[in-house]
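Numbering (our numbering), first residue to last: 14 to 316. Even glycine gets a Cβ: it sits at the ideal position worked out from N, Cα and C. As the structure is a prediction and not an experimental result, all values here were calculated from the model. Scroll down for the structure; my scribbles are underneath it.
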Ligand SMILES: Nc1ncnc2c1ncn2[C@@H]1O[C@H](COP(=O)(O)OP(=O)(O)OP(=O)(O)O)[C@@H](O)[C@H]1O
Ligand SMILES: [Mg+2]
């Protein structure tokens, strides 16, 4: 169908309803709902002086229906999974606290002070566990709209490392920094990136903790359109089976882990349009690479 500029005026309100400015130059795809049908209209301008347009209409009603069914099913599935994880993570400590307090209540007159203190301490430890989970859940919704800035990666890492040095020394884990001469500029949210690296370094330190020669290396280099930051460790590594579960909420091998660390890391990296990759062999350490996009020339000089 070809519409002349005269009857284009009668048709354009239909496009405004679709939420897209169909008067723009160039091709535009406009979703339109008419009665119970869902149409996708492709608008292709022709003959610029006359202002004509070719409209290609596709009926995508059935496709949309199927998509929304699949989306709803997926969401319900995931929500159920997440709710049962939270129930389990909070339910266990709450049960322990309840048992401890009940025993204490029944024996208040018989227990001596050190025993009472022991029960109180145990309950407080369980409260800390719940607090840790709540903090991780809060982190999940942090940086929904990241504040993307130009970051000179060697400066960023240089400022970040002193903040974690003491903790590594306390845990007797060697931490090495190996940055390329020119690590380049990345586009990333500095606070989100800080959070990401903290999580990865904590995982790496946990993985080497029981090794006498435990070592973690953080390195950065330009790689194509990315600035790659690698966190390497020589710890226990991750079995092939566990690698499939790394990004599943609540997957953890640690007594006090939430299993949300990597889920949050991946979400933050994706929000920054970056990439994340994990390689590991059991007992041979692990390498986690996160790569925010490299800043282009204009971004580098702040234009
Ligand atoms: N560098 C690593 N070496 C060995 N295993 C790792 C490494 N990083 C992650 N893992 C495995 O992946 C699991 C999930 O990691 P994730 O950071 O999501 O949660 P967590 O560390 O268990 O808990 P949290 O981050 O809340 O402390 C860990 O429990 C561990 O089994
Ligand atoms: Mg972790």
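Which of helix, strand or coil DSSP assigns to residue i
i           : result
residue 39  : Confidence in residue 39 is poor, its pLDDT being 47 and thus under 50, which makes the residue's placement too unreliable to answer from.
residue 285 : coil
residue 152 : helix
residue 162 : strand
residue 80  : helix
residue 276 : helix
residue 243 : strand
residue 199 : strand
residue 219 : helix
residue 68  : strand
residue 318 : Absent from the structure is residue 318, since the part of the chain shown begins at 14 and ends at 316.
Closer than 7 Å: residue i CB and nearest ligand 4 heavy atom
i           : result
residue 298 : As far as ligands go, the structure on display features ligand 1 and ligand 2 and does not contain ligand 4.
Exposure label - residue i; buried when at least 16 CB within 10 Å
i           : result
residue 304 : buried
residue 121 : exposed
residue 69  : exposed
residue 142 : buried
residue 151 : exposed
residue 218 : buried
residue 243 : buried
residue 191 : exposed
residue 39  : Confidence at residue 39 is low in this model, with a pLDDT of 47, below 50, so its placement is unreliable and the value that follows should be read with caution. Residue 39 is exposed by the Cβ-count criterion.
residue 257 : exposed
residue 130 : exposed
residue 298 : buried
Close-in-space but distant-in-sequence residues of the same chain around residue i (CB under 7 Å, 5 per side omitted)
i           : result
residue 240 : 166, 196, 197, 199, 233, 304, 305 and 307
residue 294 : 250
residue 72  : 50 and 52
Neighbourhood of residue i by C-beta distance below 8 Å, restricted to the same chain and skipping five residues each side
i           : result
residue 253 : 295
residue 215 : 274
Opposing strand residues paired with residue i [DSSP bridges]
i           : result
residue 192 : 233
residue 268 : Paired residues: none, contrary to the question.
residue 290 : 302
Contacts around residue i, its chain only, beta-carbon distance under 6 Å, and the 5 residues preceding and following it disregarded
i           : result
residue 106 : 139, 142 and 143
At least three beta-carbon pairs within less than 8 Å, the stretch 122-142 to the stretch 161-176: no
Contact the stretch 201-214 vs the stretch 155-164: 3+ CB pairs below 8 Å: yes
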